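Asker:
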Amino acid sequence: MGLTALRHLRNGLSAQETLDKIATAPGIEWRELAIVDRNGATALRQGVHQEPIYASASAPGIVAVGNILRNDQVPAAMVAAALETSDKPVAERLLAALDAALEAGGEIFPLSSAALKVAEYPDFCSIDLRIDQAVEPLGELRNLWKAFEPQMATFVERVLNPDSGGRATNSLEILSSKESRQ
């Protein structure tokens, strides 16, 4: 469903038009959908089978949704954190939003997984990191991001221009960068 939505957005549909296109998919009533388009417009949809507490919040260019939440203020805290970090790269804004969600109460169940995914290119995600079954998943996700960040340009270059060799940085530069942060 996500890739279909991204394809519709890439073809110029608005967030609401994209939501309308995918809202007939099988199993839609078990899903919560949140879409932001290139103009910052948002569209939200909650399936009828979402567990309480379900909540959402949005601002231009930002949307947060959740279910099985401790309280209905969790998404609002996420949006506030994203707005407060608007001068940071999107990955940092998303991590700040995840931290704010946990501080605001998070989900009813203990947190054991966390993910960071950024789809800024038409055919691939430049960032697709996930931690599962961890005691401190947000801390581990932040560490994984810190390890991946200096390599990201290389991976993006390899995808965008595979014949170029993708040598935005080399292994020694990456190792040196990692050692200097420790």
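Counting from 1 along the sequence shown, just add 1294 to a position and that's the residue number in this note's numbering. Here a beta-carbon is modelled for each residue, glycine too, at the ideal position from N, C-alpha and C. What you are looking at is a predicted structure, and each value in this text was computed from that prediction instead of being measured.
#1: With a threshold of 7 Å on Cβ separation, who are the neighbours of Ala1319 within its own chain once the five nearest residues in sequence on each side are excluded?
#2: Output needed for Ala1413: all residues of its chain with C-beta closer than 7 Å, excluding positions within five of it in sequence on either side, in chain order.
#3: Where are the beta strand (DSSP E) runs, 3 residues long or more, that stay fully inside the stretch 1329-1365, in chain order?
#4: Ends of the alpha helix (DSSP H) at Asp1236?
#5: From Gln1340 to Glu1326, what does the alpha carbon distance come to, in whole angstroms?
#6: With Lys1315 as the anchor, note down where its alpha helix (DSSP H) starts and where it stops.
#7: Which residues in the same chain have their Cβ closer than 6 Å to the Cβ of Asp1426, if we skip the five residues on either side of it in sequence?
#8: So, at 7 Å on beta carbons, what are the nonlocal neighbours of Lys1411 in its own chain, with the 5 sequence-adjacent residues on each side left out?
#9: Does the stretch 1370-1378 come close enough to the stretch 1429-1436 to have 3 or more Cβ pairs within less than 8 Å?
#10: Which two residues bound the contiguous alpha helix (DSSP H) that contains Leu1377?
#11: With DSSP run on the structure shown, which of helix, strand or coil describes Lys1382?
#12: Taking the C-alpha atoms as reference points, what is the distance between Tyr1415 and Ala1409?
#13: Using a Cβ-Cβ cut-off of 6 Å (strictly less than) and excluding sequence neighbours within five positions of Leu1338, which residues of its own chain qualify?
#14: Under 6 Å Cβ to Cβ from Asn1365, same chain only, skipping five residues before and after it: list those, please.
#15: Do Ser1308 and Ala1335 have their beta-carbon atoms positioned less than 7 Å apart in this structure?
#16: Would Glu1401 and Leu1363 be called neighbours here (beta carbons separated by less than 7 Å)?
#17: DSSP three-state label for Ile1402, please.
#18: Quick one: residues in its chain with C-beta nearer than 6 Å to the C-beta of His1302, no 5 flanking neighbours on either side, listed in chain order?
#19: Can you find the residues in the same chain that come closer than 7 Å, C-beta to C-beta, to Arg1304, ignoring five residues on each side of it along the sequence?
Answerer: So, from the listed chains and residues:
#1: Met1295
#2: Leu1300 and Cys1419
#3: 1336-1340, 1349-1353 and 1356-1360
#4: The question about residue 1236 has no answer, for the chain in this structure spans 1295 to 1476.
#5: 5 Å
#6: Ala1309 to Ile1316
#7: Ser1407
#8: Cys1419, Ile1421 and Asp1422
#9: no
#10: Val1368 to Glu1378
#11: coil
#12: 18 Å
#13: Ala1328 and Ser1350
#14: Gly1399
#15: yes
#16: yes
#17: coil
#18: Thr1312 and Lys1315
#19: Pro1416
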